[in-house]
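> There's a structure below that I have some questions on.
2 protein chains.
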Amino acid sequence: MMKLPESVKRLIDVLTEFPSIGPRQARRLAFYLVGRGENALEELSQLIRELKHVKPCAACFLIHQNTAPFCDICADPKRNRAIFMIVEKETDLLSLEQTKHYQGRYCIIGPIPKTGILEEWQKLRLKHMQSLIQKECGGVADEIVLAFNPSSVGDFNASLLIPELRTYAKKITRLGRGLPTGGEIEFADEETLGSALEKRSSEGG
Amino acid sequence: MMKLPESVKRLIDVLTEFPSIGPRQARRLAFYLVGRGENALEELSQLIRELKHVKPCAACFLIHQNTAPFCDICADPKRNRAIFMIVEKETDLLSLEQTKHYQGRYCIIGPIPKTGILEEWQKLRLKHMQSLIQKECGGVADEIVLAFNPSSVGDFNASLLIPELRTYAKKITRLGRGLPTGGEIEFADEETLGSALEKRSSEGG
């Protein structure tokens, strides 16, 4: 390492702090970047600088670059303002949005600590959703969907939030469980197959 | 994706082109960066811009930022100028340098294509090393080490280069094979154990 230029060493340090990037991959990325040429470096440098102008939505906390304080989803008058979905991550929101099967709004709560104690900023986000429900839904939303992962961690997270939310919604739901489309019964794990049996739906006539 | 700011989408596209980073990790990295705050973004943006001033060494092709055309290793008068080591990657060079067991010089040849046909720039690098041997070692180096991985791919790569190098060195060597330090005989694969037997060394009196 001592043989590398200072700027490259510093970049490797910064890249190593990135989530799920170790020191080896950080080195490889730095060498890759060096090889990309001036124009590509200038573009990337600019793109990163531009991120300064990205801000969280004042309602759901999804990042956006609008001049108004709201993201495109929260600003969309066609969205159902009486349904909220709590997700842990932006990436979960994007995956759910891509289905086009949900027309309500969101609240990005952030990754819930294993201790079960929300960070202060997470408590503020929850409070903020509650105050939106107060102001815009007369205190009771039609539904709050807890879109946590279908796992014991997700179950735990849901159990943490339900007491805080019970009075704020007519119903609190979670995403449906069962066999994933394209999956095979033979290879489904016991839990999944159990859910698929419990949640079986009637067909036809 | 359509819901994200243009600059973030473009950044995700660029990050997806990075080696061993898929679209999912690219998204996560972009969100991570957004969360880092202005100062961190400015620093990273600057660091990436500075990479423009990094250039490959005129002798071994390791990147450096010296005003002279040579990297610190090639500029070091204490290095043995009659021994060359060919490595595929900068990261291999750095790992070997860290051992402090090698005092010769390097040539970074780049990843050798599976076809066995060197890229034009790789042929130039090889030619450049040969011309250094002509100029500085009277046409014959004391040794050329082929520091390729101890694998069938590495064997193949070595077999490609040996004919090109035979007249340029008194001897051509590869890195020693055997049991890795800290390894256990019981768990060593057959090839490794075979090498360890073949290359066994006498101890004591």
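So the protein sequences, as listed, match chains A and B.
Quick note on our numbering: the first sequence kicks off at 461 and runs consecutively.
Quick note on our numbering: the second sequence kicks off at 461 and runs consecutively.
From the three backbone atoms N, C-alpha and C, an ideal C-beta is built for every residue, glycine too.
This one's a predicted model, so the numbers in the text were calculated from it and none came from an experiment.
As a quick exercise: from B:T551, B:E646, B:R637, pick the residue whose alpha carbon is nearest that of S655 (chain B).
Selected option, being the one with the closest Cα: B:R637.
> Locate the alpha helix (DSSP H) running through Y492 (chain B), then write down its first and last residues.
First-last of the alpha helix (DSSP H) with Y492 (chain B): 483–494.
> Short of 6 angstroms in beta carbon distance, which residues of its chain neighbour C597 (chain B), apart from the five on each side in sequence? Order them along the chain.
Cβ neighbours of C597 (chain B) beyond the five flanking positions: A542.
> What do you reckon, are the CB atoms on L489 (chain A) and F478 (chain B) nearer than 9 angstroms?
The answer is yes: Cβ separation under 9 angstroms.
> Exposed or buried, what is I533 (chain B) when buried is set at 16 or more other beta-carbons lying within 10 Å of its beta-carbon?
Answer is buried; the Cβ neighbour count reaches 16.
> Using 8 angstroms as the threshold, is the region 507–527 of chain B in touch with the region 563–577 of chain B, meaning 3 or more CB pairs across them?
A contact exists between the region 507–527 of chain B and the region 563–577 of chain B.
> Threshold first: 3 residues or longer. Then list the beta strand (DSSP E) segments lying entirely within the region 520–607 of chain A, N to C.
Listed in chain order, they are 543–547, 565–568, 601–607.
> Pairs of beta-carbons, one from the region 604–619 of chain A and one from the region 542–553 of chain A, closer than 8 angstroms: are there three or more?
Counting Cβ pairs under 8 angstroms, three or more are found: they touch.
> By Cβ distance below 7 angstroms, which residues in the same chain neighbour Q525 (chain A) in space, the five residues on each side in sequence not counted?
Excluding residues within five positions, the ones whose Cβ falls inside 7 angstroms are H513, V514.
> Helix, strand or coil for P610 (chain B), going by three-state DSSP, please let me know.
Of the three classes helix, strand and coil, the one that applies to P610 (chain B) here is coil, per DSSP.
> Below 7 angstroms between beta carbons is the criterion; list the residues of the region 633–653 of chain B that meet it against any residue of chain A, in chain order.
Residues passing the 7 angstroms Cβ filter: none.
> Is it true that the CB of V474 (chain A) sits closer than 9 angstroms to the CB of L511 (chain B)?
No, they are not a contact pair.
> Please list the segments of the beta strand (DSSP E) lying wholly inside the region 626–653 of chain A, counting only runs of 3 or more residues, in order along the chain.
List check, beta strand (DSSP E) in window: 629–634.
> Between the beta-carbon of I593 (chain B) and the beta-carbon of A535 (chain B), is there less than 9 angstroms?
Going by C-beta atoms, I593 (chain B) is not nearer than 9 angstroms to A535 (chain B).
> Straight-line CA distance for D552 (chain A) to F491 (chain B)?
Spanning the two alpha carbons is a distance of roughly 12 angstroms.
> Given that Q485 (chain A) touches chain B, what residues does it touch there, using C-beta distances under 9 angstroms?
Residues of chain B passing the Cβ test: P479, S480, I481.
> Which of the three DSSP states, helix, strand or coil, is assigned to F515 (chain B)?
According to the sequence as given, residue 515 (chain B) is Lys; it is not Phe. Note: K515 (chain B) maps to strand in three-state DSSP.
> What does the Cβ neighbour count give for E550 (chain A), buried or exposed, with the cut at 16 atoms within 10 Å?
Its Cβ being crowded by 16 or more others within 10 Å, E550 (chain A) is buried.
> Below 8 angstroms on the Cβ atoms is my guess for L507 (chain B) versus R484 (chain A); work out the distance and round it to an integer in Å.
Not really, about 19 angstroms apart at Cβ, beyond 8 angstroms.
> Under a Cβ-count criterion, where at least 16 other Cβ atoms within 10 Å of its own Cβ denotes burial, should L578 (chain B) be classed as buried or exposed?
It is buried - the Cβ of L578 (chain B) has at least 16 other Cβ atoms within 10 Å.
> Under 7 angstroms Cβ to Cβ from R487 (chain B), same chain only, skipping five residues before and after it: list those, please.
Around R487 (chain B): I472.
> Check this for me: beta carbons of R509 (chain B) and E502 (chain A), under 9 angstroms apart or not?
Closer than 9 angstroms, so yes.
> Please classify K469 (chain B): does DSSP put it in a helix, a strand, or coil?
In the structure shown, K469 (chain B) sits in a helix (DSSP, three-state: H, G or I).
> Does F616 (chain A) come within less than 9 angstroms of chain B when only Cβ atoms are used?
No, because no Cβ of chain B sits closer than 9 angstroms to the Cβ of F616 (chain A).
> Any idea if L584 (chain B) is buried or exposed, counting beta-carbon neighbours within 10 angstroms, 16 or more meaning buried?
Its Cβ having fewer than 16 others within 10 Å, L584 (chain B) is exposed.
> Could you check the C-alpha separation between V468 (chain A) and I523 (chain B) for me, to the nearest Å?
Between V468 (chain A) and I523 (chain B), the C-alpha separation is close to 9 angstroms.
> DSSP three-state call for P623 (chain A): helix, strand or coil?
P623 (chain A): helix per DSSP, three-state reduction.
> Just verifying my parser: in three-state terms, what is the DSSP assignment at F478 (chain B)?
Of the three classes helix, strand and coil, the one that applies to F478 (chain B) here is coil, per DSSP.
> Roughly how many angstroms lie between the CA atoms of F616 (chain B) and G497 (chain A), to the nearest whole one?
Taking the straight line joining both Cα atoms gives about 31 angstroms.
> Count the other CB atoms, across all protein chains shown, that sit within 10 Å of the CB of S480 (chain B); report buried if there are 16 or more and exposed otherwise.
Exposed.
> Contact criterion: CB-CB distance below 9 angstroms. Does D532 (chain A) meet it with respect to chain B?
Closer than 9 angstroms to some Cβ of chain B, the Cβ of D532 (chain A) qualifies, so yes.
> Do we get a CB-CB distance below 9 angstroms when we pair F710 (chain A) with the residues of chain B?
There is no way to answer for residue 710 (chain A), as the model of chain A reaches only from 461 to 665.
> Starting from the beta carbon of T551 (chain B), find every residue of chain A whose beta carbon is closer than 8 angstroms, and list them in chain order.
R484, R487, R488, F491, listed in chain order.
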